[in-house]
Every structure is written in C-alpha cells, then in structure tokens.
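What follows is one structure encoded as structure tokens, with my remarks underneath.
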Amino acid sequence: MIPAAQTFSPAAGVKFGYRALPSTPDPSLPTLLLIHPFITDGSFFAHQFEDPELGGQAGKKWNMITIDIHGHGDSTGRQEFTYWDTASDAALLLDHLGIKKVTVVGTSQGGFVATRLAIHRPDLVENIIYTGSTLLPETKESHAGITFLTTKFPYVEENFGVILQSGFGFDHTAADATEKQKAAGEKWSNVWRTRYGGSPEKEARAAGCVKQLLGRDDIVPRVNELKTKIHIMHGESDAIYSVAEHAEGSKKVLEEHDLLASYQIVPGGAHYLSFEKWQEVNPRLIQIMTEA
Numbered sequence: 001m002i003p004a005a006q007t008f009s010p011a012a013g014v015k016f017g018y019r020a021l022p023s024t025p026d027p028s029l030p031t032l033l034l035i036h037p038f039i040t041d042g043s044f045f046a047h048q049f050e051d052p053e054l055g056g057q058a059g060k061k062w063n064m065i066t067i068d069i070h071g072h073g074d075s076t077g078r079q080e081f082t083y084w085d086t087a088s089d090a091a092l093l094l095d096h097l098g099i100k101k102v103t104v105v106g107t108s109q110g111g112f113v114a115t116r117l118a119i120h121r122p123d124l125v126e127n128i129i130y131t132g133s134t135l136l137p138e139t140k141e142s143h144a145g146i147t148f149l150t151t152k153f154p155y156v157e158e159n160f161g162v163i164l165q166s167g168f169g170f171d172h173t174a175a176d177a178t179e180k181q182k183a184a185g186e187k188w189s190n191v192w193r194t195r196y197g198g199s200p201e202k203e204a205r206a207a208g209c210v211k212q213l214l215g216r217d218d219i220v221p222r223v224n225e226l227k228t229k230i231h232i233m234h235g236e237s238d239a240i241y242s243v244a245e246h247a248e249g250s251k252k253v254l255e256e257h258d259l260l261a262s263y264q265i266v267p268g269g270a271h272y273l274s275f276e277k278w279q280e281v282n283p284r285l286i287q288i289m290t291e292a
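Next comes the structure, spelled out in structure tokens:
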C-alpha cells in the first residue's frame, strides 16, 4: 500500500510533500529515499511500496521515504525553484525525521536531485542508484524534444500520449495494453490535467517544472565533490536519455573519478525504469539495502 501523503515546512510559507513507511521512520534503520520523475509525485513508486520483499519489509529492515520535487505533488510555496531547492529541503526533512544516512534512488529528474543532495550534504548520502537518469546536461536533441513536448503544456492533448509512451515505454490506449498500464496512463494523464491546467497559477507551476528541468545547471564540473559512488541502472530502450549518449556518457565521467559503483543495462527497459521494470529494479534495491 502506498503510504499517506504528509507535509513538512522547511521555511515559512513552504510545504514539502513526502510519504514514509512506516509513517514515522525509525532512525536506527537504514533508509531508502526514492525520488520521482518529471510531472509525477511520490506515489509513482507504488511498485516499490507494494512489493512484499521491499515495501513489506519497511519498518522491519529499513525505512522507505519518497519526496515531492518542487513543482510536483504536495510541495508548494516556492514561486521559483531548482533541483537544489528540493535537495536542500529534503536534507531538512531528513534532519527533522532524525535520519542520518540514506540510500537514494532517482528516476529521471529524481537522479538530478539525488546527485545534488549528495553534493549539498555528503554526510547524508551513502549510496545513489540511478534508475533511468543521467549525470549529464541535456543534449541538443533531448532539449529540443522536451521543449517540443512541453510547448503550450499541458493543453496539447496528443502530447500526453507521447510523454507517457516516452517515459513509461507503453501506449496505455493501445488494444494490447495491460490493465495496470491503462490504469497508470489514465492516472497520470488526469493528474497532469488537474494539477497543471485550468488556471494561470497551475499553468505557471507547469512552466516552472519545465524551466527547472531544461534550465538545470551542469553538474559534471562538480563531480569531484561527490563522496559516494553511483550505481547506474538504465533501460535499453530509453527514448529520452539513450544508452549511447547518457548511460555511457555518465559511466565515462564516473569512471574517470572512480565514482562508478555498478553499471547495468536492463533489456527492454524504458525511461521510467523503476515503474515498468520493477521486477529487475527492486531486487537490486533490496541487495543494496541489505548491504547498507
């Protein structure tokens, strides 16, 4: 079961959304922090929370926490925000909960926050696991593709399907879509429409998410500030950040700094790797958490 949404106030007028299993984490246990991809929220990690071997052990072997990146979910109050703001507020949340060390899983933009959190607070982060993310800035091609898909976002209806299919790796409207795929597609389409459409304020929030993604700073020059190694899990069929450009490129940079913990290309895996290929991702998370 996905844990209930909670909020924490890291600053006056700011709410930071999170979910925790157990609802009050045990500081004596290892903690798995999961950070979601673009235009989703912490509930994206349903497959992790509902796995008896992973979420079913929360409160016994480890804690599990998700956060809502600024511009997403229940994180509100910041009119201007970057991934650094989310990293900083995540650190304050962990301090508030008494958590001293975390293993961070980042899917897509979740990896951007994970890396920045490790630079901002190296004392907190002991492992980073990319599940469909990148260390690199946008390429010319990925920048152009994301810009096109988010033009007039979220009102170009046909772009919903393209974004969904690019991220999740399936067309939820196809005749052969599974019931879980249909449910996921309908859920996130409805979330996007209601969360980001219908008012100038919601449109501005959507624009802020796009600006945060495409305008993020290049973290490569700061890699030498990392004190922890990074595990890379990447989908073979990632249509947003290709294996050749981003997985191999990230691997090269990390190897140059002796910061690559492991490298795995998942056959058939799409961009949002931890969703569609959770059967491959979860055992790896369990292995790393068991060793934590």
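For the sequence shown, full-length UniProt numbering assigns the number 1 to the initial residue and increments by one for each residue that follows.
Built from N, CA and C at the ideal position, the CB exists for glycine as well.
Remember, it's a predicted structure, so these values are computed and weren't measured experimentally.
Whose C-alpha, out of the options, is nearest the C-alpha of residue i?
| i | options | result |
| --- | --- | --- |
| A247 | L254, H234, A239 and R222 | H234 |
| residue 304 | R195, I240, S237 and D258 | One cannot answer for residue 304 here, as it falls past the ends of the chain, which runs 1 to 292. |
| G268 | V253, G132, K182 and K252 | G132 |
| N63 | G215, P22, L97 and S199 | P22 |
| S9 | L273, L97, Q287 and G110 | L97 |
| A292 | V113, E126 and T151 | E126 |
| G59 | K251, T31, S199 and A261 | T31 |
| A20 | E276, Q181 and G56 | G56 |
| L124 | I2, V105 and I99 | I99 |
| Q165 | F275, E50 and H47 | F275 |
| H143 | V220, Y241 and K202 | Y241 |
| Q48 | I2, L136 and I230 | I2 |
| A183 | P122, D176 and H172 | H172 |
| I119 | K211, I265, L226 and V266 | L226 |
| A4 | S189, A46 and K277 | A46 |
| P122 | A91, D176 and G145 | A91 |
| K101 | E141, S237, P25 and D176 | P25 |
| E158 | E141, R193, E80 and D238 | R193 |
| V281 | T107, S237, K61 and E186 | T107 |
| L93 | L33, F148 and E80 | L33 |
| G185 | V162, T103 and S237 | V162 |
| L214 | F148, W188 and P27 | F148 |
| G145 | E201, A175 and V210 | V210 |
| Q79 | P27, A177, E201 and E179 | E201 |
| E141 | K180, R284 and A239 | A239 |
| K180 | A11, E236 and F44 | F44 |
| A11 | K61, P27, S75 and L29 | S75 |
I'd like to know whether the C-beta atoms of residue i and residue j end up nearer to each other than 7 Å.
| i | j | result |
| --- | --- | --- |
| residue 336 | G73 | The structure shown does not extend to residue 336, since the chain is modelled only from 1 to 292, so the question has no answer here. |
| D85 | F16 | no |
| A270 | G111 | no |
| G42 | T7 | no |
| P37 | Q109 | yes |
| A206 | Y196 | yes |
| I230 | L254 | yes |
| I129 | V105 | yes |
| E50 | I286 | no |
| S250 | L135 | yes |
| A114 | I39 | no |
| residue 293 | E245 | This structure gives no information on residue 293, because the portion of the chain shown stretches from 1 to 292. |
| I232 | Y263 | yes |
| G167 | Y272 | yes |
| K277 | V266 | yes |
In this structure, how does DSSP classify residue i when only helix, strand and coil are distinguished?
| i | result |
| --- | --- |
| A206 | helix |
| R19 | strand |
| I2 | coil |
| A87 | helix |
| F8 | strand |
| A184 | helix |
| T107 | coil |
| T147 | helix |
| I118 | Strictly speaking, residue 118 in this sequence is Ala, with Ile absent from that position. Of the three classes helix, strand and coil, the one that applies to A118 here is helix, per DSSP. |
| T76 | strand |
What are the start and end residues of the beta strand (DSSP E) that includes residue i?
| i | result |
| --- | --- |
| T31 | T31 to I35 |
| T66 | N63 to I67 |
Could you spell out the range, first to last residue, of the alpha helix (DSSP H) harbouring residue i?
| i | result |
| --- | --- |
| E126 | Looking at the DSSP string, E126 is not in any alpha helix (DSSP H); the run it does join, the beta strand (DSSP E), is V125 to T131. |
| Q48 | A46 to F49 |
Curious, which full-length alpha helix (DSSP H) runs of at least 4 residues does the stretch 218–286 contain?
-> Here the runs fully enclosed are 248–256 and 273–276.
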